[in-house]
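J.: Chains as they are written, first to last, in numbering that gives the first Met the number 0: chain A, 0 to 354; chain B, 0 to 354.
2 protein chains.
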Amino acid sequence: MTFRRPAAGRATSRDVARAADVSQALVSRAFSGNGRIAPETRERILKVAAEIGWRPNALAASMVTGDAPLVSVITTRLSFEWRAQVLSHLLKAFEDWNLQPLLFYADSDREVDRLLAETISWRTRGVVVTAGSVSRERADAILSRGQFLAALNRPGNHPDAFSIATDNPAGGAAAAELLLAEGRRRFLVLAGPTDSWASTERTRGFAARLAQAGLVATVWHNTSMTAGAGKDCAARCLKELSGSLPDGVFSTNDAMGLGFIDGLRSSGLSIPEDLSIVGFDNLPASDWTPYQLTTFEQPLDVMVGGVLGHIQAHQSDEAGEPTACSSQGRVGGDGVIYCAPLLVRRATTRRTNNE
Amino acid sequence: MTFRRPAAGRATSRDVARAADVSQALVSRAFSGNGRIAPETRERILKVAAEIGWRPNALAASMVTGDAPLVSVITTRLSFEWRAQVLSHLLKAFEDWNLQPLLFYADSDREVDRLLAETISWRTRGVVVTAGSVSRERADAILSRGQFLAALNRPGNHPDAFSIATDNPAGGAAAAELLLAEGRRRFLVLAGPTDSWASTERTRGFAARLAQAGLVATVWHNTSMTAGAGKDCAARCLKELSGSLPDGVFSTNDAMGLGFIDGLRSSGLSIPEDLSIVGFDNLPASDWTPYQLTTFEQPLDVMVGGVLGHIQAHQSDEAGEPTACSSQGRVGGDGVIYCAPLLVRRATTRRTNNE
DNA sequence: CTGAAAGCGCTTACAG
DNA sequence: CTGAAAGCGCTTACAG
Numbered sequence: 000m001t002f003r004r005p006a007a008g009r010a011t012s013r014d015v016a017r018a019a020d021v022s023q024a025l026v027s028r029a030f031s032g033n034g035r036i037a038p039e040t041r042e043r044i045l046k047v048a049a050e051i052g053w054r055p056n057a058l059a060a061s062m063v064t065g066d067a068p069l070v071s072v073i074t075t076r077l078s079f080e081w082r083a084q085v086l087s088h089l090l091k092a093f094e095d096w097n098l099q100p101l102l103f104y105a106d107s108d109r110e111v112d113r114l115l116a117e118t119i120s121w122r123t124r125g126v127v128v129t130a131g132s133v134s135r136e137r138a139d140a141i142l143s144r145g146q147f148l149a150a151l152n153r154p155g156n157h158p159d160a161f162s163i164a165t166d167n168p169a170g171g172a173a174a175a176e177l178l179l180a181e182g183r184r185r186f187l188v189l190a191g192p193t194d195s196w197a198s199t200e201r202t203r204g205f206a207a208r209l210a211q212a213g214l215v216a217t218v219w220h221n222t223s224m225t226a227g228a229g230k231d232c233a234a235r236c237l238k239e240l241s242g243s244l245p246d247g248v249f250s251t252n253d254a255m256g257l258g259f260i261d262g263l264r265s266s267g268l269s270i271p272e273d274l275s276i277v278g279f280d281n282l283p284a285s286d287w288t289p290y291q292l293t294t295f296e297q298p299l300d301v302m303v304g305g306v307l308g309h310i311q312a313h314q315s316d317e318a319g320e321p322t323a324c325s326s327q328g329r330v331g332g333d334g335v336i337y338c339a340p341l342l343v344r345r346a347t348t349r350r351t352n353n354e
Numbered sequence: 000m001t002f003r004r005p006a007a008g009r010a011t012s013r014d015v016a017r018a019a020d021v022s023q024a025l026v027s028r029a030f031s032g033n034g035r036i037a038p039e040t041r042e043r044i045l046k047v048a049a050e051i052g053w054r055p056n057a058l059a060a061s062m063v064t065g066d067a068p069l070v071s072v073i074t075t076r077l078s079f080e081w082r083a084q085v086l087s088h089l090l091k092a093f094e095d096w097n098l099q100p101l102l103f104y105a106d107s108d109r110e111v112d113r114l115l116a117e118t119i120s121w122r123t124r125g126v127v128v129t130a131g132s133v134s135r136e137r138a139d140a141i142l143s144r145g146q147f148l149a150a151l152n153r154p155g156n157h158p159d160a161f162s163i164a165t166d167n168p169a170g171g172a173a174a175a176e177l178l179l180a181e182g183r184r185r186f187l188v189l190a191g192p193t194d195s196w197a198s199t200e201r202t203r204g205f206a207a208r209l210a211q212a213g214l215v216a217t218v219w220h221n222t223s224m225t226a227g228a229g230k231d232c233a234a235r236c237l238k239e240l241s242g243s244l245p246d247g248v249f250s251t252n253d254a255m256g257l258g259f260i261d262g263l264r265s266s267g268l269s270i271p272e273d274l275s276i277v278g279f280d281n282l283p284a285s286d287w288t289p290y291q292l293t294t295f296e297q298p299l300d301v302m303v304g305g306v307l308g309h310i311q312a313h314q315s316d317e318a319g320e321p322t323a324c325s326s327q328g329r330v331g332g333d334g335v336i337y338c339a340p341l342l343v344r345r346a347t348t349r350r351t352n353n354e
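Take a look at the structure:
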């Protein structure tokens with residue numbers, strides 16, 4: 000039997016069928032495992048296909064079945080530790096489930112809405128959002144198609160969306176609690192830009208707890224939440240607040256906190272004798288010898304687990320009972336499941352009496 | 000005119016056509032911009048489609064045109080700084096070019112070959128590999144389909160593949176050069192696992208340069224290239240080599256180098272008086288006050304630029320002149336474009352005379 | 001400028 | 001166990 004082998008890039012199931020001397024339908028069955036096929040026939044087809052270098056065209060298959068094994072993921076700068084970590088976990092799970100992630104990269108949060116709209120073109124099973132925010136209309140558009148919508152560390156803004164986030168206000172409050180228990184009274188918050196949801200919520204929780212004690216904190220906003228910004232804050236602190244230095248510092252992320260510590264090194268101030276510092280994120284560096292920063296760790300595993308659970312529930316049950324069970328944390332009035340961050344005590348705070 | 004609006008998830012161009020009272024073909028033209036269509040008609044169709052929440056099904060469109068605007072990206076743990084950074088750049092460029100990245104996550108390097116095979120199912124324009132290695136056969140299979148194959152920081156193993164990498168041996172040699180110029184004579188290399196291409200190449204370049212001076216280095220391999228591993232090496236160093244401590248340490252990545260510095264803090268040894276340390280990667284932390292690590296920075300922008308250039312060339316010219324121009328670096332015998340890393344001098348090495 | 005029709009590469013009832 | 005045929009939702013010549 001002779002035949003012109005087509006260029007691999009153009010080969011179709013029909014070419015494989017011809018080469019294996021079977022019908023095109025059998026080729027499909029050989030690969031999908033659906034429908035009856037004699038074991039020998041299957042073997043032969045698989046062998047021929049391998050020679051030609053052919054695999055079923057997933058695009059075409061998805062069209063027929065009306066269901067592509069794709070999931071949209073909206074993300075942005077991966078240099079933010081938590082996002083890279085979260086994404087690694089998500090991607091690994093998708094790989095295990097034979098779901099192919101289609102990435103949508105938002106250069107700025109403003110682009111997220113447009114990307115959310117673009118996801119629709121690909122008829123994916125749903126979308127995981129790890130950047131920007133989701134409008135009610137957009138959420139509606141996605142959910143009404145039967146897709147899932149999972150928002151990580153941000154509100155889903157829709158009763159049927161799944162949304163899970165670090166309980167930032169609780170973390171902020173716990174930071175305040177800790178510093179108050181140490182007897183601290185002059186507070187400084189190293190915050191991020193005012194449009195950073197996480198930083199704002201952490202600051203809010205911190206301030207609220209202080210307010211209960213009739214105290215207030217100075218809040219410094221930084222454009223970027225980097226170590227450099229934290230270091231600059233330390234310099235500013237020594238200059239502007241030299242009359243009454245803060246004795247309790249809450250940095251809404253670790254990077255700024257680490258920089259702040261560095262900025263204080265030549266000042267003669269000692270930590271935690273003169274002042275305590277609490278961060279947020281538990282970066283690897285926070286555990287390094289020169290820092291030993293007390294901080295809060297985001298329960299990323301719990302959050303990723305929640306998202307994966309929701310996706311799984313969506314897959315197995317399109318009818319879709321409301322999946323937002325509160326087992327992972329408290330459910331806020333906004334429908335977000337809030338997971339408590341974990342306090343990691345190190346050397347930038349004192350041990351208090353009741354421990 | 001009345002009609003049952005279909006569930007959004009199931010709406011097709013036909014439904015939009017019906018609602019706008021035009022043929023289905025016109026709906027396609029309204030969105031694609033191909034073919035003639037009256038501006039008013041187009042407006043109307045767009046409006047109706049927006050109401051229904053319909054967008055062309057990219058899967059179906061790709062089938063017809065035989066060309067999906069997709070590109071496969073093979074990656075792995077994003078916590079490795081360089082990969083997250085590189086991926087951010089790549090994804091942003093794809094977004095700008097209206098290419099949709101399909102991610103393939105390799106939990107271990109051994110899975111990469113399987114993932115490479117899986118990319119074929121999606122008929123993407125090509126594949127970018129940032130993990131594991133590419134076999135000659137697999138490269139052949141991909142390239143013969145007319146797809147591009149771009150390997151980042153690893154060999155492409157095929158004359159038609161594009162491959163660009165940090166010149167690790169040159170970096171290792173430069174590290175040796177630096178330490179030799181300082182008059183160092185007893186060398187220790189903090190290396191990674193033996194199957195880490197980058198670490199091995201860096202070590203090789205380092206050793207080769209030393210050999211020229213008739214010197215050798217002790218090489219310690221670590222399972223994971225973390226700060227913790229580096230710290231352990233310092234302890235081991237103080238214990239096992241106390242008789243003749245190394246005076247020149249080359250850490251094949253910064254993380255281990257930083258940990259090594261931490262491990263030495265209580266030893267009384269001072270850097271760079273007693274010993275010099277050179278790292279690789281230029282992590283943000285390497286510039287922090289307690290470290291100030293001299294290191295080499297990978298030319299990631301150049302490398303990403305090279306990959307993007309190759310993809311662009313592939314898009315505009317399927318005929319495919321060999322794109323591997325050496326403007327970005329030296330071309331190795333393996334066809335890899337090697338880009339020199341950038342030395343960043345800080346305080347863990349001495350200033351030498353000839354500067 | 002618009003529409004009817006063919007066809008992209010598959011999967012899946014339906015016959016045999 | 002196997003094959004012929006319909007059809008997934010589009011795009012694109014081809015007529016009109």
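We treat Cβ as the ideally placed atom computed from N, Cα and C, and that holds for glycine.
Here the structure is a predicted model, which is why all the values come from computation and not from measurement.
Spell out whether any CB of chain B is found under 8 Å from the CB atom of A/Trp-196.
T.: Reading the first sequence from its first residue, position 197 is the one you call residue 196 of chain A. For A/Trp-196, the answer is no, since every Cβ of chain B falls outside 8 Å of its Cβ.
J.: Which residues in chain B sit within 9 Å of A/Arg-264, going by Cβ to Cβ distance?
T.: Numbered from 1 along the first sequence, position 265 holds the residue referred to as residue 264 of chain A. Going along chain B in sequence order, the residues near A/Arg-264 (Cβ under 9 Å) are Thr-288, Pro-289.
J.: Does the contact criterion of 3 or more C-beta pairs under 8 Å hold for the segment 226-245 of chain B versus the segment 264-282 of chain B?
T.: yes
J.: Give me the DSSP bridge partner(s) of B/Thr-129.
T.: To locate residue 129 of chain B, count along the second sequence from 1; it is residue 130. Paired residues: none, contrary to the question.
J.: Thinking C-beta only, is A/Phe-93 closer than 8 Å to A/Gly-170?
T.: As a position in the first sequence, residue 170 of chain A is number 171, starting the count at 1. As a position in the first sequence, residue 93 of chain A is number 94, starting the count at 1. No, Cβ-Cβ distance for A/Gly-170 and A/Phe-93 is not below 8 Å.
J.: Leaving out five residues before and five after A/Leu-90 in sequence, what residues of the same chain have Cβ atoms less than 7 Å from its Cβ?
T.: Position 91 of the first sequence holds residue 90 of chain A. Hits under 7 Å: Pro-100.
J.: Is A/Ile-163 near the ligand GDP, going by C-beta to nearest heavy atom under 7 Å?
T.: Because no ligand of any kind appears in the structure shown, any question about the ligand GDP cannot be addressed here.
J.: Kindly provide the ranges of any alpha helix (DSSP H) runs that are 4 or more residues long and lie completely inside the segment 234-296 of chain B, ordered along the chain.
T.: 253-263
J.: Starting from A/Trp-219, trace the beta strand (DSSP E) both ways and give me its first and last residue.
T.: Reading the first sequence from its first residue, position 220 is the one you call residue 219 of chain A. It spans 216-220 - the beta strand (DSSP E) in which A/Trp-219 sits, taken as one unbroken run.
J.: Closer than 8 Å, CB to CB, is B/Ala-226 near chain A or not?
T.: Working through the second sequence from its first residue, we reach residue 226 of chain B at position 227. Output row for B/Ala-226: interface = yes.
J.: Take the Cβ of A/Leu-240 as the centre, count every other Cβ of all protein chains shown within 10 Å, and call the residue buried at 16 or more, exposed below.
T.: Locating residue 240 of chain A in the first sequence gives position 241, where the first residue counts as 1. Label assigned to A/Leu-240: exposed.
J.: Closer than 7 Å, Cβ to any Cβ of chain B: which residues of the segment 56-71 of chain A, in chain order?
T.: Cβ contacts with chain B: Asn-56, Ala-57, Leu-58, Ala-59, Ser-61, Met-62, Ala-67.
J.: Taking CB distances under 8 Å as the criterion, tell me whether B/Pro-100 reaches chain A.
T.: Numbered from its first residue, the second sequence carries residue 100 of chain B at position 101. It does: the Cβ of B/Pro-100 has a partner Cβ on chain A nearer than 8 Å.
J.: How many whole angstroms separate the CB atoms of A/Ser-162 and A/Gly-334, which I take to be in contact at a CB cut-off of 8 Å?
T.: Working through the first sequence from its first residue, we reach residue 162 of chain A at position 163. Working through the first sequence from its first residue, we reach residue 334 of chain A at position 335. Going by Cβ atoms, the distance from A/Ser-162 to A/Gly-334 rounds to 6 Å, so yes, they are a contact pair.
J.: Just checking, does the segment 214-229 of chain A make contact with the segment 148-160 of chain A on the three C-beta pairs under 8 Å criterion?
T.: no
J.: Okay, do the segment 109-119 of chain B and the segment 39-55 of chain B touch, 3+ Cβ pairs below 8 Å being the bar?
T.: no
J.: Is B/Ser-162 helix, strand or coil when you go by DSSP?
T.: By 1-based counting over the second sequence, the position of residue 162 of chain B is 163. Three-state DSSP puts B/Ser-162 in a strand.
J.: Which runs of the beta strand (DSSP E) fall wholly inside the segment 30-106 of chain A and span at least 3 residues, in chain order?
T.: 69-74, 99-104
J.: Drop a sphere of 10 angstroms on the beta-carbon of A/Val-85, count the other beta-carbons inside from all chains shown, and report buried for 16 or more, exposed for fewer.
T.: Residue mapping note: residue 85 of chain A aligns to position 86 of the first sequence, counting from 1. Taking every protein chain shown into account, the CB of A/Val-85 has 16 or more other CB atoms within 10 angstroms, so this residue is buried.
J.: Going by C-alpha distance, which of B/Asp-194, B/Leu-102, B/Arg-124, B/Ser-22 is nearest A/Leu-69?
T.: Along the first sequence, read from residue 1 onward, the residue named residue 69 of chain A stands at position 70. Of B/Asp-194, B/Leu-102, B/Arg-124, B/Ser-22, the residue nearest in Cα terms is B/Leu-102.
J.: Taking 8 Å as the CB-CB cut-off, is A/Ser-87 touching chain B?
T.: By one-based count along the first sequence, residue 87 of chain A stands at place 88. Contact of A/Ser-87 with chain B is assigned, a C-beta pair being separated by under 8 Å.
J.: Can you tell me where the alpha helix (DSSP H) with B/Ile-141 in it begins and where it stops?
T.: As a first step, residue 141 of chain B is located in the second sequence; it is residue number 142 there, counting from the start. Unbroken alpha helix (DSSP H) run through B/Ile-141: 135-142.
J.: Would you give the residue range spanned by the alpha helix (DSSP H) that A/Val-301 belongs to?
T.: In the first sequence, the residue the question calls residue 301 of chain A occupies position 302. 299-315 is the extent of the alpha helix (DSSP H) around A/Val-301.
J.: Given a cut-off of 8 Å on the beta-carbon distance, is the pair B/Pro-283 and B/Asp-166 in contact?
T.: The residue you call residue 283 of chain B lines up with position 284 of the second sequence. The residue you call residue 166 of chain B lines up with position 167 of the second sequence. Cβ distance not < 8 Å, so B/Pro-283 and B/Asp-166 don't count as in contact.
J.: For A/Gln-311, which of A/Leu-148, A/Ala-207, A/Ala-197 has the nearest alpha-carbon?
T.: In the first sequence, the residue the question calls residue 311 of chain A occupies position 312. For A/Gln-311, the nearest C-alpha among the options comes from A/Leu-148.
J.: Report the residues of the segment 98-131 of chain A with a CB closer than 9 Å to any CB of chain B, ordered along the chain.
T.: Gln-99, Pro-100, Leu-101, Leu-102, Phe-103, Tyr-104, Ala-105, Asp-106, Glu-110, Leu-114, Ala-116, Glu-117, Ile-119, Ser-120, Trp-121, Arg-122
J.: Using a Cβ-Cβ cutoff of 7 Å, what residues of the segment 208-240 of chain B are near chain A? List them in chain order.
T.: Within the segment 208-240 of chain B, the qualifying residues are Ala-226.
J.: Reducing DSSP to helix, strand and coil, say where B/Val-335 ends up.
T.: By 1-based counting over the second sequence, the position of residue 335 of chain B is 336. Here B/Val-335 sits in coil by DSSP.
J.: In this structure, does DSSP put B/Ala-172 in helix, strand or coil?
T.: Locating residue 172 of chain B in the second sequence gives position 173, where the first residue counts as 1. Looking at B/Ala-172 - three-state DSSP - the assignment turns out to be helix.
J.: Please list the partners that A/Gly-256 has in chain B, where partner means a Cβ-to-Cβ separation under 8 Å.
T.: Taking the first sequence and counting its residues from 1, one reaches residue 256 of chain A at position 257. Near A/Gly-256 there are no residues of chain B at all, since even the closest Cβ is about 12 Å away, more than 8 Å.
J.: For B/Lys-91, go through chain A and note every residue whose CB falls closer than 8 Å to its CB, in chain order.
T.: Working through the second sequence from its first residue, we reach residue 91 of chain B at position 92. Within chain A, the residues near B/Lys-91 are Tyr-104, Asp-106.
J.: Answer with yes or no whether the minimum CB distance from B/Glu-296 to chain A is below 8 Å.
T.: For the purposes of this step, residue 296 of chain B is taken as residue 297 along the second sequence, with counting starting at 1. Chain A, which has no Cβ nearer than 8 Å to the Cβ of B/Glu-296, makes this no.
J.: Applying the 10 Å Cβ sphere with the 16-neighbour rule, what's the burial state of B/Ala-127?
T.: Along the second sequence, one-based indexing puts residue 127 of chain B at 128. Strictly speaking, residue 127 of chain B in this sequence is Val, with Ala absent from that position. Counting Cβ neighbours within 10 Å, B/Val-127 comes out buried, since at least 16 surround it.
J.: Considering only the alpha carbon of each residue, which of A/Ser-315, A/Ala-226, A/Met-255, A/Val-133 lies closest to A/Glu-105?
T.: For this step, residue 105 of chain A is matched to residue 106 along the first sequence. Per the sequence presented here, residue 105 of chain A reads as Ala, with Glu not at that position. Residue A/Val-133 is the option with its Cα nearest to A/Ala-105.
J.: According to DSSP, simplified to helix, strand and coil, what is A/Ala-226?
T.: Your numbering for residue 226 of chain A matches position 227 in the first sequence. A/Ala-226 falls in the helix class under three-state DSSP.
J.: Please tell me whether B/Glu-94 has its Cβ less than 8 Å away from any Cβ of chain A.
T.: In the second sequence, residue 94 of chain B corresponds to position 95, counting from 1. Closer than 8 Å to some Cβ of chain A, the Cβ of B/Glu-94 qualifies, so yes.
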